[in-house]
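In the numbering used here, the protein residues as written are -9 to 926. Notes follow the structure.
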């Protein structure tokens, strides 16, 4: 571990040193007529022979610019500005000429000087338009049939994670727009994975201010990193898109399409997909709470490490992740945007999806018993899930006049699901003597819908900063369920069968949730650079749930015997009123805010069961301070600090004193004496971005301390292995997380290196058989990545990362443990002659220090070969091979306050796929042209 981390750190230092052995280019941009310096001009350096992008920068307020670290060679310097005609200069860097001083470079004002000769028709790869970084898409070469996601991977300062998450300038991109409009709602992956790269003219990256900041004209520190995709002119009329169909061995198939028709402000799009290869065409979302977390539908597994450090309901921190099981999925959607008249901006979308994951899992769990002998639990399970859902979203912005506006955002979803699960299990002592064993089968079906609507009215006054807004959010949720449970559990004493519990039940459930949230905000300018914000609001929800459980009657052969213990009907009302005041001050170099919120929350519940009725009434009052500070060191360097207090009320299931006997080995019961959690949250950010030199440093630190944290108080019957759990409040729970990332170009490799690390420290408490156990966990994850573009036909990437976890227990120190996972990866994209294209990627994962049978080395190798043909290169045929070595496995590890668990899940292993893709536009599946990208 130490050698690996040291190697990564040394490589991060050595490469920058080597990269510094280069020359510099400098100069001053001047207006031809006024002889004044031209600030904000974009300076782009490209190779003379093939226009390869080498570097870029911008002139300062005095018109000066400098390009450092330029390798030996012949170059062309492009000088561009939105208000001036383009200019260019030829320069040479050699061993005898390490400094090229261009002196005064003249610029001709477009409004005053008519160019007689067009000096350069090339659009610069990167320009600054105000605070927006704008990329010319044609300057970055991508493979044919590439999506926007592949284009984004080429852009300096933009990174795409394995799961499709996009980061720009170190921050997560939360919104991707198409010509300023949402594309299928606010899910960025729908646009990045379905729109073709060759439809994009410009990619714009900027910080979108919050609606409140836009309304008041004062920054409030809340913004979203946003990407706007500007379409090519020919894509704004007519139809474009592509259709893909494929078949493989082992009855594998894959198909998808996207069709787009844009005309002016009208945008119409349709997407669809069907496959049984775990391929994700677009992101599926949770719709109703009863469905739980939807599986991540992506290829692979690769034996990645998945470490979750949790204390039942305590916060968890994960490293790595698994994508297991085999899923068959179908889905589609429609998107329609338009401007109606001159005052209504209308946006809408519809989604349908049907997915069917099949998961087989083997679990090996070591139960931690402080002061006693650990026990060992094994389980084999299978689940077959089927889910159908529909989702409608609408968004209408009505601009009444320049001072008044209304936004209405209704949404509706419907879902039907079915789950068929079976398992067998056993628990043994260290000497392998049996404690319990059994099997279960569970069949459930659910149906439900959800409706919500947001309305917000905004008014601006003539005085800047004086505003008023009123918002109302309403929601309605209905669900019905039906289930059957059959289980047999045998208990042993000294290895001899002593008891057998059988369950044969059917249950019916229905629930509803109705709620609203109303809020009013008034802002008033204060002094010269400050703003006072007054707010008041009320939130109220009514949650009703009924469950009736029937035992099987052998005499009648029906489920007609009501189980009073597991039958209950409850209703709870949760509401809170808050009022707050905050002062925001905005200076040229810094801004800060301070505020206080008062909150009173009421929780009332009624539980009616066949055994015992109970009433619950709780009132919580809190003061919640908040503060923020941001200092702009320079245009692209900033430091920020944020603090805020928050509360978390106990759920009704945690409060109601009714036992949950669903799992005979883990019986839970609520605690009506629970208090509300109160947390202090702090966040520090340091961003140092150099968009022109492509050097970036990001530092992120968070801390949280929680009073009255809700954790589990467990009692374990050592004879039967049954665990009884009840939530309780504890103090002294906190966690720290940090992340650091540095990236820079490596000219001699024509690439970019990125070095980073993330660490975490988590402390919580455990109670088992009346003993308190303090648990501390340390995690670390250093990583290294190098992207290279040796020429315009080859892209190469290599990377390495390590996931380290160490857990310590104050009582059961013999259970202290360390886990380690390493991953090494590489990929190559190669454009061959005669329109052939080759791609391959290889990942090698090493899992160590686990239970027997779970320590493994997993090589995962994929490759594809494609060929373009037909007129305008409209057609592409591709042969793909996945997991060519047939080594894919789904291995994960989870650490909990009560156990250490290793699991193995079925994965999609080696298969081959032949696909055909057809472009619906005459531009075909071109691979881009113009200036190519050398270093990101």
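All C-beta atoms, glycine included, are put in the ideal place defined by N, C-alpha and C.
For residue i, count neighbouring Cβ atoms within 10 angstroms of its own Cβ and tell me buried if that reaches 16, exposed if not.
i, result
"residue 539", "buried"
"residue 244", "buried"
"residue 394", "exposed"
"residue 484", "exposed"
"residue 129", "buried"
"residue 907", "buried"
"residue 115", "buried"
"residue 186", "buried"
"residue 941", "Since the first and last residues shown for the chain are -9 and 926, residue 941 lies out of range."
"residue 640", "buried"
"residue 422", "exposed"
"residue 69", "buried"
"residue 143", "buried"
"residue 453", "exposed"
"residue 190", "buried"
"residue 58", "exposed"
"residue 928", "Outside the modelled stretch of the chain, which goes from -9 to 926, sits residue 928, for which no answer is possible."
"residue 501", "buried"
Inspect the beta-carbon positions of residue i and residue j and report whether they are closer than 8 Å.
i, j, result
"residue 664", "residue 727", "no"
"residue 560", "residue 591", "no"
"residue 390", "residue 334", "no"
"residue 910", "residue 315", "no"
"residue 800", "residue 831", "no"
"residue 364", "residue 416", "no"
"residue 632", "residue 614", "no"
"residue 62", "residue 84", "yes"
"residue 835", "residue 870", "no"
"residue 192", "residue 226", "no"
"residue 346", "residue 317", "yes"
"residue 99", "residue 205", "no"
Among the options, which one has its Cα closest to the Cα of residue i?
i, options, result
"residue 420", "358, 623 and 192", "358"
"residue 657", "711, 188, 699 and 693", "711"
"residue 319", "403, 328 and 262", "262"
"residue 620", "433, 676 and 69", "676"
"residue 510", "186, 500 and 447", "447"
"residue 859", "63, 826 and 598", "826"
"residue 753", "788, 807 and 695", "695"
"residue 623", "469, 679 and 385", "679"
"residue 829", "123, 135 and 76", "135"
"residue 741", "781, 767 and 705", "781"
"residue 606", "341, 597 and 613", "597"
"residue 16", "482, 409, 67 and 585", "67"
"residue 12", "894, 515, 584 and 90", "90"
"residue 706", "668, 259 and 888", "888"
"residue 321", "340, 487 and 551", "340"
"residue 738", "60, 41, 47 and 30", "60"
"residue 574", "566, 862 and 583", "583"
"residue 329", "526, 386, 352 and 374", "386"
"residue 905", "882, 874, 857 and 896", "857"
"residue 717", "688, 373 and 646", "646"
"residue 713", "674, 651, 670 and 729", "651"
Does the beta-carbon of residue i, which I'm using as the reference point, lie nearer than 7 Å to any heavy atom of the ligand ZN?
i, result
"residue 338", "In terms of ligand content, the structure shown is empty, and the ligand ZN therefore cannot be addressed."
Segments assigned beta strand (DSSP E), at least 3 residues, entirely inside the region 144 to 198: Runs found: 148 to 150, 156 to 158 and 161 to 168.
Complete alpha helix (DSSP H) runs within the region 597 to 653 (minimum length 4 residues, chain order): Listed in chain order, the complete alpha helix (DSSP H) runs (minimum 4 residues) inside the region 597 to 653 are 642 to 645.
At least three beta-carbon pairs within less than 8 Å, the region 518 to 526 to the region 735 to 749: No contact exists between the region 518 to 526 and the region 735 to 749.
Any alpha helix (DSSP H) of 4 or more consecutive residues that is wholly inside the region 495 to 570: As for any alpha helix (DSSP H) of minimum length 4 sitting wholly inside the region 495 to 570, there is none.
The region 210 to 229 / the region 191 to 201 touching (three or more Cβ pairs under 8 Å): The region 210 to 229, when compared against the region 191 to 201, does touch it at the 8 Å Cβ threshold.
Stretch pair the region 145 to 160 + the region 175 to 189: three plus CB contacts closer than 8 Å: Of all C-beta pairs linking the region 145 to 160 to the region 175 to 189, three or more are shorter than 8 Å, placing the two stretches in contact.
Touching by the beta-carbon criterion (3+ pairs, under 8 Å), the region 92 to 102 and the region 163 to 175: By the Cβ test, the region 92 to 102 is not in contact with the region 163 to 175, since fewer than three Cβ pairs between them sit closer than 8 Å.
The region 788 to 806 touching the region 756 to 774, judged by at least three CB pairs closer than 8 Å: A contact is defined here as three or more CB-CB pairs under 8 Å, and the region 788 to 806 meets this definition with respect to the region 756 to 774.
3 or more residues per run - each beta strand (DSSP E) lying fully within the region 42 to 127: Restricting attention to beta strand (DSSP E) runs no shorter than 3 residues, the region 42 to 127 encloses them at 43 to 48, 54 to 60, 63 to 71, 74 to 83, 89 to 97, 116 to 119 and 122 to 126, ordered along the chain.
Cβ contact check for the region 436 to 443 and the region 397 to 413: 3 or more pairs under 8 Å: With a cut-off of 8 Å, the region 397 to 413 and the region 436 to 443 count as touching, because enough Cβ pairs lie within range.
Length-filtered (3 minimum) beta strand (DSSP E) runs lying within the region 705 to 769: For the region 705 to 769, whole beta strand (DSSP E) runs of length 3 or above, ordered along the chain, are 713 to 720, 723 to 736 and 741 to 758.
Every unbroken alpha helix (DSSP H) within the region 651 to 707, with a cutoff of 4 residues, ordered by chain: The qualifying runs do not exist here; there are none.
Entirely enclosed beta strand (DSSP E) segments - the region 414 to 443, minimum 3 residues: Segments of the beta strand (DSSP E) lying fully in the region 414 to 443: there are none.
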